[in-house]
Amino acid sequence: MIVEPCSLTIAEARELLDRRELSAVELTRSCLDRIAAHDGRLNAFITVCREAALAQAAEADARMVGGAGGPLCGIPLALKDIFLTRGVRTTCASRILDGFVPPFDATVVAKLRAAGAVFLSKANLDEFAMGSSTENSAFGPTRNPYDLDRVAGGSSGGSAAAVAANQCLGALGTDTGGSIREPASFCGVVGIKPTYSRVSRYGVIAYASSLDQVGPFARTVRDCAVLLQAIAGVDPRDATCAARPVPDYAGALTGEIKGLRIGVPREYFIEGMAPAVDGAVRAALRQFEALGGRLEEVSLPHTEYAVATYYVLATAEASANLARYDGIRYGLRVAADNNIELYERTRGAGFGAEVKRRIMLGTFALSAGYYDAYYLKAQKVRTLIRRDFARAFERCDVIATPVAPTTAFAIGEKIADPLQMYLSDIFTISVNLAGLPGISVPCGYDDRGLPIGLQLIGAPFAEETILRAADAYERSGATVRRPPII
Ligand code: GLN
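Start counting the sequence shown at 6; every next residue gets the next number (the working numbering).
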């Protein structure tokens, strides 16, 4: 069977590029052809940058001939449309940014550009990253490559679906409450949310600033490690970005996890979880034992408050961050006789229903008389959740949980019931509240053939440990990746 270049892993493509058996232009063309053939149905992308991508690929080829390539030189990637890209429209899947073309690149984009990566496209997402299914996009939902009637997850659903469907070799997303890990799980790819502050957020459209973090998607753990290496590290333009040195992530993938203590939190194996998810995650835990890991039962007693805490804090921060979309500075402007009316009409026409709901919830939680009861209380509970993890990490090196209670749900199934939608984040949200790194790695399929993800959570800045554990699991062959139906 002839392997299409677009279906290679980054590591495989790297070898072929380095041996001159494949050019970056051929590889990019293969991805673009795949996009042309399937994205009409999948809708993973809002904008495809065909000509620019081919030009970048030609530059990468020239650079490699000159011997100046690097691990990502000539590798075609997708970017969630929340990252500012110089000269390429950036929508955040909202009508309110209509016509907005950023004058500069986000730091992570600039880093990848400098590394010679090729940018194929801007990927679909829930508007302003608010959602768990990519159904809240002004550009229509992204479909799951394993079942086109189901969601890809969200909010980085376009990035995850594109990687799963071999439309690109890797992608960047953001994760505020699960937006990398949940779509990675639903689409059967690997996605990592690094420690809060590990990666620069300069030029990343803000949702909830105390929670937002950037991370990669790829088809293997190793590829994710290589992408994270390229984007992590201090940025003088982002004061919240940690000055810590970046370790050699790919070098940490030794395949060796003997003696690794794996915490299993009892609060994460709950009533109502899909039996297939429960079964696949338990089988993965047994596989970790077979590989020499030691399972430890741990407790995260404040887990039940996580969703409520998150939806107070995230909406409060969003209500402040989204105040800047006023029709004056960026994007859409609906004309009116005076400024107040202009703001109201622009925001009324530009924001979708879920974004409006969150602005109202957040404004309420912050308003005089309610602040102490909601926002302040939520901050206190956040501290308790953070302490739960600190205590658990005294007894283990990683914490293993499901990513989501179900596999990908049907398009339309939860959209009318925000609470049901919010509950899809029940296992991912605490990790953001505690600022920890978390990875989703495929660990099986349900009886419809829909992918299931295993989440491995690390202590602050322990990306190496969760990558090593995920890679050892992946390499053990316990779960063999199945191709998507398209
Ligand atoms: N689903 C969560 C929300 O809607 C998380 C989204 C995200 O991580 N950006 O807020």
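Think of the CB as a built atom: it goes at the ideal place given N, C-alpha and C, for glycine as much as any other residue.
Give the secondary structure of C448 by DSSP, where H, G and I count as helix, E and B as strand, and everything else as coil. Reduced to three states, the DSSP call for C448 is strand.
Check your understanding: If you follow the alpha helix (DSSP H) that A60 is part of, which residue opens it and which one closes it?
Key -> Boundaries of the alpha helix (DSSP H) harbouring A60: 55–70, taken from the DSSP string.
Handout entry: Straight-line gap, R1 to E132 (C-alpha atoms, nearest Å)
Key = With the chain running from 6 to 491 in the structure shown, residue 1 is simply not present.
Review point. At which residues does the beta strand (DSSP E) containing D152 begin and terminate?
Key: Counted as a single uninterrupted DSSP element, the beta strand (DSSP E) harbouring D152 occupies residues 152–156.
Extent of the continuous alpha helix (DSSP H) run through V269: Not the alpha helix (DSSP H): V269 falls in the beta strand (DSSP E), residues 266–270.
Under 8 Å: do the stretch 107–120 and the stretch 156–170 share three or more Cβ pairs, one atom per stretch?
Cβ pair count under 8 Å is below three, so no.
Open item on the list: I'd like to confirm something about T139: is its beta-carbon nearer than 7 Å to some heavy atom of the ligand GLN, or not?
Closed with: Within 7 Å of the C-beta of T139 there is not a single heavy atom belonging to the ligand GLN.
Review point. So is V8 buried or exposed if we call it buried at 16+ other beta carbons inside 10 Å?
Key: For V8, the number of other beta carbons within 10 angstroms of its own is below 16, and it is reported as exposed.
- prompt: Can you list, in chain order, the stretches of the beta strand (DSSP E) that have 3 or more residues and sit fully within the stretch 144–209?
  reply: If we require 3 residues or more, the beta strand (DSSP E) runs fully inside the stretch 144–209 come out as 152–156, 175–180, 195–198.
> Buried or exposed: L381, going by 16 or more other Cβ atoms within 10 Å of its Cβ?
Replying inline: Exposed.
**Message:** Starting from P456, trace the beta strand (DSSP E) in both directions and tell me its first and last residue.
**Reply:** Boundaries of the beta strand (DSSP E) around P456: 456–463.
Please tell me whether V209 and D217 are closer than 8 Å, where the distance is taken between their beta carbons. Cβ distance < 8 Å, so V209 and D217 count as in contact.
query: Is any heavy atom of the ligand GLN found at a distance shorter than 7 Å from the C-beta of Y201?
result: False, no ligand heavy atom lies under 7 Å from that Cβ.
- Message: Does chain D have any CB closer than 8 Å to the CB of V408?
- Response: Absent here is chain D; the protein component of the structure consists of one chain.
*For the alpha helix (DSSP H) that P107 lies in, which residues bound it at each end?*
Per DSSP, P107 belongs to no alpha helix (DSSP H) and is neither H nor E.
Roughly how many angstroms lie between the CA atoms of A397 and A475, to the nearest whole one? Looking at the two C-alpha atoms, the distance is approximately 19 Å.
**Request:** Tell me whether I420 sits in a helix, a strand or coil according to DSSP, three-state version.
**Result:** In the structure shown, I420 adopts coil according to DSSP, grouped into three states.
Can you list, in chain order, the residues of its chain with a C-beta nearer than 6 Å to that of S12? Leave out the 5 residues immediately preceding and following it. Excluding positions up to five away in sequence, the list reads N171.
May I ask you to check if the CB of G121 is nearer than 7 Å to at least one heavy atom of the ligand GLN? The ligand GLN has no heavy atom closer than 7 Å to the beta-carbon of G121.
Return yes when at least one heavy atom of the ligand GLN lies under 7 Å from the C-beta of M135, else no. Checking the Cβ of M135 against the ligand GLN gives yes.
Restricting to Cα atoms, I'd like to know which of E359, I275, V123, N149 is closest to V53.
It is V123 whose Cα lies nearest to the Cα of V53.
Closest residue to A169 among A73, N48, E56, G75 (Cα-Cα distance) | Of the listed residues, the one whose Cα sits closest to A169 is N48.
Notebook entry, point to check: Who are the Cβ neighbours of Q292 in its own chain at under 8 Å, not counting the five residues just before and after it?
Noted result: Excluding residues within five positions, the ones whose Cβ falls inside 8 Å are Y478, S481, A483.
### Message
Rounding to the nearest angstrom, what Cα-Cα distance links V194 and A285 in this structure?
### Response
Roughly 15 Å between the two C-alpha positions.
task = Apply the 10 Å Cβ neighbour rule to A248 and answer buried if 16 or more other Cβ atoms are within range, or exposed otherwise.
result = By the neighbour-count rule (16 or more Cβ atoms within 10 Å), A248 is not buried but exposed.
Exercise for the section: Sort L77, T308, C97 by Cα distance to S161 and report the nearest one. Expected result: Nearest C-alpha to S161: C97.
Exercise. Note down the Cα distance separating G332 from G355, rounded to an integer number of angstroms.
Key: For G332 and G355, the distance between alpha carbons rounds to 9 Å.
query = Just reading off the alpha helix (DSSP H) that L371 is part of, what are its end residues?
reply = First-last of the alpha helix (DSSP H) with L371: 358–371.
May I ask which residues mark the beginning and end of the alpha helix (DSSP H) holding I390? 382–397 is the extent of the alpha helix (DSSP H) around I390.
Going by DSSP in three states, R299 sits in which element: helix, strand or coil? In the structure shown, R299 sits in a strand (DSSP, three-state: E or B).
task: Tell me whether Y212 counts as near the ligand GLN, meaning its Cβ is closer than 7 Å to at least one heavy atom of that ligand.
output: Under cutoff, so the answer is yes.
Name the one or two DSSP bridge partners that F124 has. F124 pairs with L82.
* **Residues bridged to G220 [DSSP beta-bridge criterion]** => G220 is bridged to G178.
Residues bridged to F88 [DSSP beta-bridge criterion]: Partner(s): V209.
- [ ] Closer than 6 Å by C-beta to L389: which residues in its own chain qualify, once you throw out the five before and the five after it? Chain order, please.
- [x] Within the same chain, L389 has close Cβ partners H307.
Notebook entry, point to check: Just to check, is the beta-carbon of A439 closer than 7 Å to a non-hydrogen atom of the ligand GLN?
Noted result: Every heavy atom of the ligand GLN is 7 Å or more from the Cβ of A439, so no.
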